[in-house]
């Protein structure tokens with residue numbers, strides 16, 4: 059029997075099994091090996107060579123080389139290239155394309171997960187990851203910041219830079235403005251003294267705040283009144299390129315964000331308005347004495363939620 063000089067691949071193991079079956083007289087009924095197939099098999103040189111060149115010649119002699127010998131020996135037609143690549147039969151080919159004897163001979167080489175003999179056709183039409191990889195905005199200054207923090211996120215092991223980069227990609231509804239009062243309240247928490255408040259969004263003024271402490275903030279944008287009040291209190295306002303020079307890894311910073319569900323549109327989401335235990339705001343045509351003031355709103359008119 060012909061034995062190839064380098065270690066046996068799954069294809070060679072099946073070929074060896076086929077030849078042994080013919081020599082022992084245990085070949086399937088109707089199987090035959092042509093002399094042309096034997097000559098093609100023995101035409102391979104017996105000196106050591108790379109697996110790559112072997113596979114290249116195997117592809118070139120697909121119909122009258124080792125593969126033809128294999129599949130004619132097992133009494134089956136040659137399978138498609140996808141069967142050789144996956145080690146399993148596509149659903150449309152049925153069981154004729156890849157005989158079970160060959161798979162059992164190879165062992166686990168052609169087996170899928172959990173040792174199954176046949177592969178599974180996986181649906182790939184919905185397996186993409188839906189997330190932004192760049193901002194929708196064409197603002198050149200925002201895109202320069204993306205280029206800067208893409209570099210920092212790649213070259214440093216800082217999670218801060220990765221989060222900032224992800225938030226730079228976000229839409230405006232996912233970057234809600236942060237009020238001055240909320241930022242002051244968050245920065246008064248213990249352990250946040252002398253730290254920089256970082257907001258990937260806008261900082262707006264809040265007239266309900268009487269006194270503004272000294273703050274060091276970094277944001278994409280600060281409204282004019284909020285800017286004047288922060289600077290008047292002796293604070294400092296940084297841009298993100300200045301923050302990258304001041305703190306490349308985000309050390310000494312507190313990453314804040316505005317209320318993402320603070321928009322008025324979220325009040326209309328939930329259980330249908332008027333149903334029991336629902337606090338959803340209805341879409342009313344108009345406000346007045348005659349518009350949705352009766353049933354469901356007061357106990358004297360049927361019921362009250």
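In my numbering, the protein residues as written are 59 to 363.
In this text, a Cβ means the ideal position worked out from N, Cα and C, and glycines have one as well.
Only a predicted model underlies this, so the values are computations on that prediction, with no experimental measurement involved.
For the stretch 265-289, the full-length beta strand (DSSP E) segments reaching 3 residues or more read 274-280 along the chain. Residue 311 carries a strand assignment under DSSP once its states are collapsed to helix, strand and coil. Collapsing the DSSP output to three states places residue 342 in coil. Closest in C-alpha terms to residue 279, from the list 194, 296, 265, comes 296.
If you compare the alpha carbons of 206, 288, 314 with that of residue 250, the shortest gap goes to 314. Its Cα nearest to that of residue 326, the residue 338 stands out among 338, 287, 333. Less than 8 Å separates the beta-carbon of residue 298 from that of residue 203.
In this structure, the straight-line span from the alpha carbon of residue 220 to that of residue 213 is close to 11 Å.
Inclusion of residue 255 and residue 271 in the CB contact set at 8 Å is not warranted, their separation being larger than that value. Your pair residue 345 and residue 354 does not check out as a contact, with CB atoms roughly 16 Å apart and the cut at 8 Å.
Spanning the alpha carbons of residue 230 and residue 302 requires a straight line of approximately 23 Å. In terms of CA proximity to residue 224, 191 leads the group 197, 215, 244, 191. In the displayed model, residue 224 falls within a helix according to three-state DSSP.
The beta carbon of residue 335 lies closer than 8 Å to those of 329, 363 in the same chain, with the five residues before and after it left out.
Burial is judged here by how many other beta carbons sit within 10 angstroms of a residue's own beta carbon; residue 265 has fewer than 16 and is exposed. Closest by C-alpha distance to residue 188, out of 218, 177, 228, is 228. Annotated three-state conformation of residue 238 is helix, per DSSP.
Secondary-structure assignment with DSSP links residue 255 through a beta bridge to 275, 312. In this structure, residue 186 keeps its C-beta atom at 8 Å or more from the C-beta atom of residue 193. Taking the C-beta atoms as reference points, residue 261 is found no nearer than 8 Å to residue 245.
Excluding residues up to 5 positions away in sequence, 264, 266, 267 lie with their Cβ nearer than 8 Å to the Cβ of residue 239 in the same chain. Burial is judged here by how many other beta carbons sit within 10 angstroms of a residue's own beta carbon; residue 233 has at least 16 and is buried.
Contact annotation, residue 359 with residue 352: C-beta distance approximately 4 Å; criterion of less than 8 Å satisfied. Beta-bridge analysis with DSSP links residue 296 to 276. Residue nearest to residue 304 within the set 318, 324, 253, 320 is 253 (criterion: CA-CA distance).
The secondary-structure analysis by DSSP pairs residue 261 across a beta bridge with 236, 280.
Judged by DSSP secondary structure, residue 205 falls within the alpha helix (DSSP H) whose first and last residues are 198-213. Beta-bridge partners assigned by DSSP to residue 362: 354, 355.
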